[in-house]
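Residue numbers (my numbering): 4 to 171.
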C-alpha cells in the first residue's frame, strides 16, 4: 500500500519526469491572475503519454486539464499512471465547472507527483488532501519547489489574501 500523506519515497525517475513538468511550465503564456504550471502524464511502464501547460489550449485551461484533454477519453485504465505537475492541482476555479483534482479523480489516475503546494495567493488549495482522501498516492518533491516559485515569482510577490476563494 502506498503512503497517503504526500511524503512517499521519491525516485530518480520521479525527479526526471517532474523536472520535465517544471520545464514545460516555462512555455506558459504569462498571466497576472494564474500560475505557470506544467504537467506530464507517464504510463506504468515509464512512457510519456501526454503533457500540457497552463493556457496552452485556451486562456483558462490549466496544465493538468490540458494533459488530460490531449490524452482523450479512450485512454483506458489510468490507475497505474502517474501525473507529474509542477504545482499542486487546483481545488477551486471560477473559469470551469471541474477543478483539476476533480478531473484527475474522474480519470482514475492512481498517482500524482508535485513540486510545490499551491501558494495561497489566489485560493486556499487542498489538492493534496483531496487526492489522498480518495486513495490517490500523492508525492511531493520539495527540492524542485524553489524553481517553480522562481518561474512564478511575479505572482508570488503579491501578498496572500486570507480566506479568498477566487481562482482561474
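By construction, the Cβ of each residue, glycine as well, lies at the ideal position given by its N, Cα and C atoms.
All of these numbers come straight from a predicted model, not from anything done at the bench.
Inter-residue Cα distance where the pair is residue i and residue j
| i | j | result |
| --- | --- | --- |
| residue 147 | residue 99 | 28 Å |
| residue 114 | residue 144 | 13 Å |
| residue 63 | residue 57 | 8 Å |
| residue 104 | residue 54 | 16 Å |
| residue 228 | residue 93 | Nothing can be reported for residue 228, as the shown portion of the chain is limited to 4 through 171. |
| residue 120 | residue 77 | 30 Å |
| residue 157 | residue 108 | 31 Å |
| residue 59 | residue 34 | 12 Å |
Nearest neighbour of residue i, chosen from the options [CA to CA]
| i | options | result |
| --- | --- | --- |
| residue 51 | 30, 62, 16 | 16 |
| residue 122 | 159, 47, 29 | 159 |
| residue 152 | 106, 71, 111, 91 | 91 |
| residue 29 | 14, 49, 66, 82 | 66 |
| residue 1 | 48, 96, 110 | In the structure displayed, the chain extends from 4 to 171; residue 1 sits before or after that span and is not available. |
| residue 49 | 19, 59, 102, 60 | 19 |
| residue 2 | 155, 124, 116, 109 | With the chain covering 4 to 171 only, the question about residue 2 has no answer from this structure. |
Burial state of residue i (16 or more Cβ within 10 Å)
| i | result |
| --- | --- |
| residue 4 | With a pLDDT of only 27 at residue 4, under the threshold of 50, the placement of this residue in the model should not be trusted; the figure read from the coordinates follows. Classification of residue 4: exposed, given that the 10 Å Cβ count is below 16. |
| residue 37 | buried |
| residue 69 | buried |
| residue 32 | exposed |
| residue 126 | buried |
Pair within 8 Å by beta-carbon distance, residue i and residue j
| i | j | result |
| --- | --- | --- |
| residue 134 | residue 142 | no |
| residue 25 | residue 149 | no |
| residue 83 | residue 47 | yes |
| residue 74 | residue 111 | no |
| residue 71 | residue 21 | no |
At least three beta-carbon pairs within less than 8 Å, the segment 36-55 to the segment 76-88: yes
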